[in-house]
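Below is one structure, written out as structure tokens, with a few remarks after it.
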Amino acid sequence: MTLAEIAAILGLEIRGDASLSIEGIAGLVEAGPGQLTFLFSSAYKKYLNDTRAAAVVIRQSDAGDVSIPCIFSENPRLDWARVAGIFDRLPGPDGQIHPRAEISNKASIGEKVSISANAVIEEGARIGEGCCIGPGCFLGRNVSLGENSRLHANVSIYHESRIGRNAIIHSGTVIGSDGFGFEFDQNAGKWVKIPQIYNVVIGDDVELGAQVTIDRGALKDTILGNGIKLDNQVHVGHGVRIGDHTLICANSAIGGSTRIGRYCLIGGGVGIIDNIEIVDRVEVTPMTFVTKPLNEPGRYTSGTGLMKNRDWKRNVVGFARLEELLKRVRRLESDKGS
Amino acid sequence: MTLAEIAAILGLEIRGDASLSIEGIAGLVEAGPGQLTFLFSSAYKKYLNDTRAAAVVIRQSDAGDVSIPCIFSENPRLDWARVAGIFDRLPGPDGQIHPRAEISNKASIGEKVSISANAVIEEGARIGEGCCIGPGCFLGRNVSLGENSRLHANVSIYHESRIGRNAIIHSGTVIGSDGFGFEFDQNAGKWVKIPQIYNVVIGDDVELGAQVTIDRGALKDTILGNGIKLDNQVHVGHGVRIGDHTLICANSAIGGSTRIGRYCLIGGGVGIIDNIEIVDRVEVTPMTFVTKPLNEPGRYTSGTGLMKNRDWKRNVVGFARLEELLKRVRRLESDKGS
Amino acid sequence: MTLAEIAAILGLEIRGDASLSIEGIAGLVEAGPGQLTFLFSSAYKKYLNDTRAAAVVIRQSDAGDVSIPCIFSENPRLDWARVAGIFDRLPGPDGQIHPRAEISNKASIGEKVSISANAVIEEGARIGEGCCIGPGCFLGRNVSLGENSRLHANVSIYHESRIGRNAIIHSGTVIGSDGFGFEFDQNAGKWVKIPQIYNVVIGDDVELGAQVTIDRGALKDTILGNGIKLDNQVHVGHGVRIGDHTLICANSAIGGSTRIGRYCLIGGGVGIIDNIEIVDRVEVTPMTFVTKPLNEPGRYTSGTGLMKNRDWKRNVVGFARLEELLKRVRRLESDKGS
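As you go down the protein sequences, you meet chains D, U and Y in turn.
Here the first sequence is numbered in the numbering used here, starting from 1 and rising by one per residue.
Here the second sequence is numbered in the numbering used here, starting from 1001 and rising by one per residue.
Here the third sequence is numbered in the numbering used here, starting from 2001 and rising by one per residue.
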């Protein structure tokens, strides 16, 4: 592929040798001969001096004395997203239904659907046009999957779950497992299971990473809006509601019945307690524990900051004496006053 | 189903129109016409004014001026657990063994067992009466599963694991994987694997959420008692012992050889170090790190509390100066004394 | 097996009855008649008085008045690793390819490879000699797996991933899923996916626990060196690089493009932000959040320490007043000075 062809796809202008052959893309530091790279921020401009890349996608304002051929972009990151697809080796759907897929004759399978070996699809399931179901996936009774959605290998979707169009769901993810609902029976001295009879409903354009778990609801559905992206190993409790275009990073867990707004950014390793409301455009930094409703947009944090273990040991003692310390300072102040 | 029929199942009394048709259950806020709802706490009584529910399960003491039909319950949450089952659409076991299940002829399969397509059951496995094995499950050599246990899709159980009666195990869960045991060989400059030759033994009436991992032991079995409930993505290390009726919420991790008592409540995102003892009836709040044995029942916590990131940044500086701060206050106090 | 035979395998000396029959190994406290136990540390010597074990692997210097037969070892933990294998009941590879395995005729399968039912292996995959692929595993297009590697049940490996020799990969683990890469399109008001076109490359002698996730890269490969051991439910982001012989404990998450050195020890439940460098021989204590590059070897920690919830509530108030407290102490000091 030539630089000219790539620029044409992007609708962007070139400076330099447009006939250059481009074999792939890579980061500024990693790129080698024949590869196209990107300058995402002026701060990294120094790396351009040493790059072995063949060409660079760059803001015109950053391109002053750059010696390699340039594609001028007003938004190199968005153009990166578009170029990367050209070199993606992810095997596309083949439109075939494998003879070893196990499909109920009461399931409804759209046009041009691909289903791999050992997928199991139960009665009442509806698979939209152009969907691609990986090997070992399970779609329970009455599951519905909108057009052009793709399930990678070994995804499990329980009965009655509904997923919109253009979903991308990575391996190992589980949708519609029972919420964690038990009531303690004092007389019997044991926990009684509360059947989780509601469902999971997911909008369009959602991506779920590997080994995400989304529980079904007990007294209401668990609802994810459109354009939501969940990273690997995120857990979503029963009856949770997540607004459109919210992102949640890896290993975070959302307690039951919590409502998260739109355009939120939740860092990795975050815990959010059950049954609270978080408004739109809240940002939670990684490893934070959200213990109360967040009624205002903004950035929220908990934690102590990182230090050498020997320093931490000396300081953490003080944390357990903070109440006492406050009292002692108050006493010093009042003594001074008298 | 009529309100009278539901009340009869529960053995409870009705006030109002017993012939009312009930099509489902839902939360106070979510319930619509034809649905039965629940008043779990007097604190939510105000929502009853606006509910569109057809009827309510309620303590008689809360029902004074409630205008919709009531079922009187001394424990609405426990009765909820019983009613919910009526409306559960979870497909029941069909008692069939799918021709595409792969079952060793040296496995022992009880009466009325259901096994789905692509399940793999190895020699010596014993599956109790009434069990239900979902698609894609793996049961290794000599695994035993007590009566009426249910494995949802894509559960993996390693050789020699023993699981009691009435287990519910959700998709993706792994039981009996190797514990994390390595010894550093100074001469070779690398880690040597310690074979994990003990097993996992799980009691009766246990529920494991989706993507739980329970490792097998190195020098002793990993043992879970009766009535234990583990939420999604919980990790249990090798040789851990968990007492009866303990609950552990999502994304928590228990270090190897730790012993947790009975009737404990472990919140989500908790970490517990290896090789400690925690007595009965301990409660650990979410996202806490348990660093030492807990010898008394009670509630335990770590963490800083949540705040706006800009406030956190100003305060966290102080955490790293707590040792110094304690010293400065001591000096002020001693100067005052002199 | 006799004690003499075990000692011969280890090349170690015996004191006591060498003809003793040994049926297994167990911990000091758990061991019963017929079992061999181990004294790993002089600190546990008191337990030897009460042990029911038949014999003990022990440092000669600790064995003074021990009454049961001894095998003398300079490193009882390393010898434990060697002995344990003798009693391991893990079913070995059978060298068979199951007729229900689904293998592309364009895949290359080495000698003595075992492949279980319902494994799916796509075109271009290369499986080295002696590998063992569990039931329900998926190996995508062009995946390569070095000699003598073992995948337990239900492992998913995306296209183009390369894994070295002697790998052990536990159930549910996912390798090569898409990194979490999105760019916000202001005009469209939604996230645009950045195709993750690079691969995962893993060295030799690596063990990955159950439900590990390792994402493929966007602008460079995700690279794990040799001898790395990852515990269950660890997440490794896209473009991460982990040095040889590093250990990461359960439920930890590593942010994208972060580089971790060799011989590091990362505790469980740790979070590490993206795009930082951590040098060799760093130790991170469990549940720590690593927020910045670590340029020196050593031990690092964050968190507040554990306490009773009622004490924590009184102290945590102080954390949110640390900035104020520092100011008040400064004022007291300056007042005193004047």
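Ideal Cβ positions, reconstructed from N, Cα and C, are used throughout, including at glycine.
* To do: Compare the C-beta of D/Gln211 against all C-beta atoms of chain Y and say whether one is closer than 9 Å.
  => By this cut-off, D/Gln211 is an interface position.
* U/Asp1017 at chain Y interface by Cβ criterion, 9 Å -> It does not; no Cβ of chain Y falls within 9 Å.
* Asked: Should U/Asn1118 be flagged as near chain A, meaning a C-beta pair shorter than 9 Å?
  -> Considering every chain present, this structure includes no chain A. Its protein chains are D, U and Y.
* Asked: Cα separation between U/Phe1038 and U/Arg1077?
  -> The C-alpha of U/Arg1077 is placed about 8 Å away from the C-alpha of U/Phe1038.
* In three-state terms, what does DSSP make of Y/Phe2319? -> Secondary structure of Y/Phe2319 (DSSP, three-state): helix.
* To do: Round the Cβ separation of Y/Asp2231 and Y/Gly2268 to the nearest angstrom and send it over; I've been treating them as touching at under 8 Å.
  => Confirmed, about 7 Å.
* Any idea if Y/Glu2074 is buried or exposed, counting beta-carbon neighbours within 10 angstroms, 16 or more meaning buried? -> Of the other Cβ atoms in all chains shown, fewer than 16 fall within 10 Å of the Cβ of Y/Glu2074; this residue is therefore exposed.
* **Spatial neighbours of D/His245 in its chain, beta-carbon cut-off 8 Å, leaving aside the 5 residues before and after** => Only Gly225, Asn226, Gly227, Ile228, Arg262, Tyr263 meet the Cβ criterion.
* **Those residues which DSSP pairs with Y/Tyr2300 across a bridge** => Looking at the DSSP assignment, Y/Tyr2300 forms a beta bridge with D/Lys308, Y/Val2284.
* Asked: What first and last residue would you give for the alpha helix (DSSP H) that runs through D/Val83?
  -> Membership of D/Val83 in the alpha helix (DSSP H) is indicated by the continuous run 76 to 84.
* Which residue spans inside the stretch 2233 to 2271 of chain Y form an unbroken beta strand (DSSP E) run of at least 3? -> Whole beta strand (DSSP E) segments, 3+ residues: zero.
* CA-to-CA distance, D/Gly34 to U/Leu1208, given in whole angstroms -> Rounded to the nearest angstrom, the two C-alpha atoms are 51 Å apart.
* If we ignore side chains and look at the alpha-carbon of each, how far apart do U/His1152 and D/Asp221 end up? -> Spanning the two alpha carbons is a distance of roughly 20 Å.
* Secondary structure, beta strand (DSSP E): runs of 3+ residues fully inside the stretch 1133 to 1197 of chain U -> You should have 1174 to 1177, 1182 to 1185, 1190 to 1193.
* Closer than 9 Å by beta-carbon distance: list the chain Y residues that pair up with D/Gln96, in chain order. => Going along chain Y, no residue has its Cβ under 9 Å from D/Gln96, so there is no contact; the nearest lies around 13 Å.
* Asked: Listing by chain order, which chain D residues have their CB less than 9 Å from the CB of Y/Tyr2300?
  -> Here the neighbours are Leu306, Met307, Lys308, Asn309, Trp312.
* Asked: Bridge partners of U/Ile1097, per DSSP?
  -> U/Ile1115, per the DSSP bridge assignment.
* **U/Ile1276 (DSSP reduced to helix, strand or coil)** => Three-state DSSP puts U/Ile1276 in coil, outside helix and strand.
* To do: Starting from U/Glu1160, find everything on chain Y with Cβ-Cβ shorter than 8 Å and list it in chain order.
  => Per Cβ cutoff of 8 Å: Arg2089.
* Length of the line joining the Cα atoms of Y/Ile2330 and Y/Val2240 -> It should be noted that the sequence gives Arg, not Ile, for residue 2330 of chain Y. For the pair Y/Arg2330 and Y/Val2240, the Cα-to-Cα distance works out to about 44 Å.
* Which residues, in chain order, does the stretch 1318 to 1334 of chain U contribute to contact with chain D at a C-beta distance below 8 Å? -> Here the close residues are Phe1319, Ala1320, Arg1321, Leu1322, Glu1323, Leu1325, Leu1326, Val1329, Leu1332, Glu1333.
* To do: Starting from the beta carbon of D/Asp231, find every residue of chain Y whose beta carbon is closer than 7 Å, and list them in chain order.
  => Neighbours of D/Asp231 on chain Y, chain order: Phe2180.
* Asked: Measuring CA to CA, which of U/Asn1049, U/Arg1082, U/Leu1048, U/Ser1061 is closest to U/Ala1007?
  -> Closest by alpha carbon: U/Arg1082.
* To do: Give the residues of chain D in contact with Y/Pro2099, contact being defined as C-beta atoms less than 9 Å apart.
  => Those within 9 Å of Y/Pro2099 in chain D number zero; the least Cβ separation is about 11 Å.
* Three CB pairs or more closer than 8 Å across the stretch 1158 to 1173 of chain U and the stretch 1183 to 1193 of chain U -> The stretch 1158 to 1173 of chain U vs the stretch 1183 to 1193 of chain U: no contact.
* At least one CB of chain D closer than 9 Å to the CB of U/Val1316: is that the case? -> True, the Cβ-Cβ gap to chain D drops below 9 Å.
* Asked: With DSSP run on the structure shown, which of helix, strand or coil describes Y/Phe2087?
  -> Residue state, collapsed to three classes: helix.
* To do: Measure the alpha-carbon distance for U/Arg1310 versus D/Ile25 and round it to whole angstroms.
  => C-alpha separation (whole angstroms): 38 Å.
* Asked: Going along the chain, which residues of its own chain have a beta-carbon closer than 8 Å to the beta-carbon of U/Trp1080, five neighbours each way excluded?
  -> Taking C-beta separations shorter than 8 Å and ignoring five residues to either side along the sequence, the partners of U/Trp1080 in its chain run Ile1025, Phe1038, Phe1040, Val1057, following chain order.
* Asked: So, helix, strand or coil for Y/Arg2314, using DSSP?
  -> It is helical.
* Determine the DSSP secondary structure at Y/Val2290, reduced to helix, strand or coil. => Residue state for Y/Val2290 is assigned as strand, using DSSP reduced to three classes.
* **contact_flag[the stretch 128 to 135 of chain D, the stretch 1113 to 1123 of chain U] where n(CB pairs < 8 Å) is 3 or more** => No, the stretch 128 to 135 of chain D does not touch the stretch 1113 to 1123 of chain U.
* Asked: Comparing the C-beta of Y/Ile2260 with each C-beta of chain D, is any distance below 9 Å?
  -> No, its Cβ sits nowhere closer than 9 Å to a Cβ of chain D.
* Buried versus exposed, by CB contacts within 10 Å (16 or more), D/Val174 -> D/Val174 sits buried, since 16 or more C-beta atoms from the chains shown fall within 10 Å of its C-beta.
* Asked: Given D/Ser144, which residues of its chain have a CB within under 6 Å of its CB, disregarding the five upstream and five downstream residues?
  -> If we look at D/Ser144 and ignore the five residues flanking it on each side, its Cβ neighbours are Arg126, Arg162.
* To do: Please name the residue or residues paired with Y/Arg2052 in a DSSP beta bridge.
  => DSSP lists no partner for Y/Arg2052.
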